[in-house]
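What follows is one structure encoded as structure tokens, with my remarks underneath.
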Amino acid sequence: FEKRNGSTRSEVVHDAIQVANIADLYFRTLNTRVSIVYIETWQGSNQALIDKSEDISRALLNFNDYTSRKLYRVEKDTAQLLTGVMFKGGEAGMSVPETVCTDKSVGISVDVNAYELHLLAGTMAHMIGHNIGMGHDGGREECFCRDWHGCIMAQSIVGLENVQPYKFSECSRVDYNSALRTGHGLCLLNKPNQLEVRRSCGNRVIEEGEDCDCGLIQECQENDPCCDPYTCKLKKESECATGECCVECKVNDGF
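Structure (structure tokens):
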């Protein structure tokens, strides 16, 4: 993590938790929560032999080998590697499909912009979707995505005109329910032990470190345009989010 824009370990852990919080917002629409049970950071060494000169598929195999040898005692439904390594093929990520609840359920998401955590969260949500058994939306006539820029399981992880998808399509819902019915996702039905440091941005409760909390992304768009649903901070142009003196995200001194 010392190579990630000079980030400290605490900053890397904080960002990883934020990424999980954002992915959690996405999965809540499927009545599913994303919960961190274990975080590991690497400093000064490459524990899983991730090499940017190799294909990302090789890196995924190496990471799976590492988790099988080193993390087998950690009770987890899936293991996700967040990395700043840019692979030679330029992929944003890769995961092993239909493996959730097994020791082969792993994924890699590439952090292309340390300042845009929602991009990394979208990639990780896409990878977890594949782990669960969700396929790509493209080429499936029965798919319906409510957003013009695409849904999370679109072939292109970054949506049209670089607008980040944050919803699952009807196809993804069908794939998810199918995985549950066939028993492939039984581990998703239990409540895991959560890290105590987890903060719940999106629970409509303003907690320490938050300026606002407008709930789910769609709710924020409809009810509170002043609040950033990804970070629970005021948007750059906003001065306030709630209160009698707050008018269109600005403080009205003459109220």
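The sequence shown: position 188 = 188 (full-length UniProt numbering), numbered continuously.
Glycine residues also receive a C-beta, built at the ideal position from the N, C-alpha and C atoms.
query: Local conformation of D65 per DSSP, three classes; result: helix
query: Residues near C145 in its chain [Cβ-Cβ closer than 6 Å; skip 5 each side]; result: C151 and S169
query: Terminal residues of the beta strand (DSSP E) in which G107 lies; result: V106 to V110
query: Per DSSP, cross-strand counterpart(s) of A250; result: According to the sequence displayed, residue 250 carries Lys and not Ala. Answer is V247.
query: S178, DSSP secondary structure in three states; result: helix
query: DSSP three-state assignment for K233, whether helix, strand or coil; result: strand
query: For G93, three-class secondary structure by DSSP; result: strand
query: Contacts around Q47, its chain only, beta-carbon distance under 7 Å, and the 5 residues preceding and following it disregarded; result: Y66
query: Reduced DSSP category for C220 - H, G, I as helix; E, B as strand; rest coil; result: helix
query: Element boundaries [alpha helix (DSSP H), containing A241]; result: Looking at the DSSP string, A241 is not in any alpha helix (DSSP H), and its letter there is neither H nor E.
query: L119 - containing alpha helix (DSSP H), residue span; result: L117 to I132
query: Straight-line Cα distance separating L234 from T242; result: 11 Å
query: Inter-residue CB distance, S95 and P192 (contact presumed, cutoff 8 Å); result: 19 Å between Cβ atoms; not a contact.
query: Collapsed DSSP secondary structure at D228 in the structure displayed; result: strand
query: Reduced DSSP secondary structure (H/G/I, E/B, other) of L71; result: coil
query: DSSP-derived helix/strand/coil call for Q18; result: helix
query: Simplified DSSP assignment, three categories, for A23; result: helix
query: For residue 339, the first and last residue of its enclosing beta strand (DSSP E); result: No answer is possible for residue 339: the residues shown for the chain start at 1 and end at 255.
query: C249 Cβ short of 8 Å to the ligand GDP heavy atom set; result: Summarising the ligand content, the structure contains no ligands, and the ligand GDP is consequently not present.
query: Contact under 9 Å by Cβ, I206 with C245; result: no
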